[in-house]
Every structure is written in C-alpha cells, then in structure tokens.
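Q: Below you will find the structure I want to go over with you.
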Amino acid sequence: MLGTSCLLLGLAACSPKHLIVQGIADELATQGQAPEDDLVLAREASAFYLKLSEGLLREVPDNAKLAESLATGFTQYAYAFVAFDAERLEARDAKAAQALRERAARLYGRAHRHAMAALERMNPGFRKALQSNQPADWPQLRADQIGLAYWAAASWGGLISLSKDQPDTVADLPLAMRLARLAYDKEPGYGNGSLAGLMGSFEVARPGGSSAQALQYFDSAIALSAQRSAGPLVAKAESIALPAGNRPEFEALLQQALAVSAAHPDLQNTVMRERALWLLGTADDLF
C-alpha cells in the first residue's frame with residue numbers, strides 16, 4: 001500500500017503535459033532505432049524526426065535515451081546523406097562539395113553537443129574530467145552511458161575529419177580518442193563491433209598511429225559483427241588496404257561487404273552497400 005501511495009504522489013508531482021511529453025520522447029527514442037533499409041524514405045523522414053526530437057528534448061532535457069537517439073540520428077544523417085554526397089560530388093563541383101562538407105561538420109557538431117550535454121547531466125563535471133591530464137581523474141562510464149559515449153566520440157571524429165582548417169577543432173582529436181577508449185575499456189564489444197571499428201579509425205587518424213594496432217581493431221570489429229555488418233569491412237578496405245596500395249584486398253573486402261549487406265539489408269548495411277559500390281567504381285582513380 002505504501003508503494004502505491006508513493007507512486008501516486010510521484011505522479012501528482014508531475015504535470016500532465018510533462019508526462020505526455022516524456023512518453024512521446026520515450027517513443028521517439030525507440031522509433032529512432034527502428035530498422036529501415038530504404039535510403040530515400042530514411043532520408044526524407046530523418047529531417048522531420050530530428051527536428052521533432054530536438055524540440056521534445058528541450059522539454060525533457062534529462063531524457064538520456066532521446067539524447068542518444070538524436071546523437072545517433074544526426075551522426076548517421078551527416079555521414080550517409082551529406083558527407084558521402086560531398087565525396088561523390090567533388091570531382092564535378094568542388095565548391096558545392098565543400099558546402100556539403102561544411103554542412104556535414106555542423107551536423108556532426110550538433111550530434112556531439114547532444115551526446116555530451118546528456119553525459120554532463122548524468123555526470124556533472126564530465127567535460128572537465130575528460131580534459132584532465134591525470135588518468136585517475138578521467139570520468140568513469142556506467143553501462144547505460146556507453147551508447148552516448150560512442151556517439152559523442154564518433155560524431156566528434158566526424159567533425160574533426162571535416163575541420164582540417166580549424167586547428168582548435170583538430171586539437172580535440174586526443175580527447176575524442178580518450179572518450180572512445182573509456183567506452184572501449186568498459187564494453188569492447190559494444191554495437192557488435194562498431195566501437196572496435198571506431199577505435200581502428202581513430203588509430204589510423206592519430207599522428208604516429210599504428211597500422212598494426214588499427215588492423216587488430218578492424219579484425220576484432222569484423223569478428224564481433226559475425227558477418228552481419230558491412231561497416232567494419234568497408235572501414236578496413238579504406239583504412240588499411242587502400243593506404244597500403246593493396247587493390248586485391250581492397251576489392252575483396254568490398255565484395256564481402258556487398259554480400260553482407262545483401263544478406264542483412266538494414267539501413268546501416270544499405271548505406272555501406274552504396275559506399276562499397278562507389279569505392280569499387282572509383283578504384284582505378286584510387287590506385
């Protein structure tokens with residue numbers, strides 16, 4: 001009886017509007033994770049979903065799941081529908097491609113801010129702790145914060161990669177890598193290899209990075225994906241085989257990615273399928 005009374009008192013303390021908005025926010029966070037393999041439909045729906053979700057997050061800023069869903073959505077939208085378009089357009093219209101890269105950078109920054117704001121709310125002082133030079137002071141992630149940390153780091157990496165002319169942004173690379181490392185140390189298998197793949201990409205990107213270590217990360221990501229995700233295969237092709245000038249391995253990895261995407265046609269794999277096909281089509285220019 002006491003438990004029921006406390007529950008009723010807790011509900012009474014919340015306004016009906018807040019309860020309704022919170023419920024919608026929870027539902028949107030769930031819908032943001034729903035499978036979709038039609039790129040045109042996903043692209044058309046994403047902008048509405050992201051704007052609606054941002055408005056709701058202002059009403060319920062403590063909804064970490066909605067914040068994570070937004071960080072996920074903005075990062076994926078920037079990568080799949082803006083930055084990739086810029087790459088394909090570069091040869092025909094460099095000026096338009098640059099405008100798209102700048103837009104993608106803004107979207108990555110938006111994703112990063114949502115994820116970091118949520119982490120800061122859950123762990124006051126998170127940003128300051130992450131910037132500490134003392135490992136003992138670095139923030140500790142809980143299991144329910146790994147997703148936020150992953151998308152905060154992934155979007156940060158995307159922003160940095162498109163901001164080569166902004167030294168202050170590029171200087172944040174060690175912090176982005178540190179955040180990814182904190183998540184990896186907590187849950188190395190997160191995202192069926194997605195986090196391991198991100199670690200590989202960061203290792204390749206960092207000054208003095210080890211290609212051998214990056215290869216270990218990518219191979220781990222491929223193993224963790226259990227042949228269900230094309231992303232690690234495409235990443236290994238671009239980050240390991242291409243710089244090494246190994247065209248046979250490059251093409252073999254991309255063909256594997258196409259096979260995986262055909263067997264498991266979700267949105268992520270469909271995006272990777274498009275990228276793999278484009279890379280194969282431009283191989284003569286790349287080698």
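Residue numbering for the sequence shown follows the working numbering, beginning at 1 and increasing consecutively.
We put the beta carbon where it would ideally sit given N, CA and C, even for glycine.
What residue range is occupied by the uninterrupted alpha helix (DSSP H) comprising Q255?
A: It spans R247 to A263 - the alpha helix (DSSP H) in which Q255 sits, taken as one unbroken run.
Q: Quick check on DSSP: helix, strand or coil for E90?
A: The answer is coil: DSSP assigns E90 none of H, G, I, E or B.
Q: Looking only at its own chain, which residues have a Cβ that is under 8 Å from the Cβ of V234, when we skip the five neighbours before and after it?
A: Result list for V234: L253, L254, A257, M272, R275, A276 and L279, in chain order.
Q: Which value, in whole angstroms, describes the spacing of the CA atoms of T282 and E87?
A: Each residue's Cα considered, the two are about 11 Å apart.
Q: Can the beta-carbon of A154 be found less than 8 Å from the beta-carbon of L198?
A: Yes, these two residues count as a Cβ contact at 8 Å.
Q: Where are the alpha helix (DSSP H) runs, 4 residues long or more, that stay fully inside the segment 61-143, in chain order?
A: With a minimum length of 4 residues, the continuous alpha helix (DSSP H) runs that stay inside the segment 61-143 are 64-77, 84-89, 94-122 and 126-130.
Q: Going by beta-carbon coordinates alone, are A42 and L267 separated by less than 8 Å?
A: Against a cut-off of 8 Å, the Cβ pair of L267 and A42 comes out as a contact.
Q: CB N123 to CB P139, shorter than 8 Å?
A: A contact, by the Cβ cut-off of 8 Å.
Q: How is R43 classed by DSSP in three states: helix, strand or coil?
A: Note: R43 maps to helix in three-state DSSP.
Q: Run through DSSP, which three-state label would P188 get?
A: Coil.
Q: For P243, name the three-state secondary structure that DSSP assigns.
A: Coil at P243, not helix or strand.
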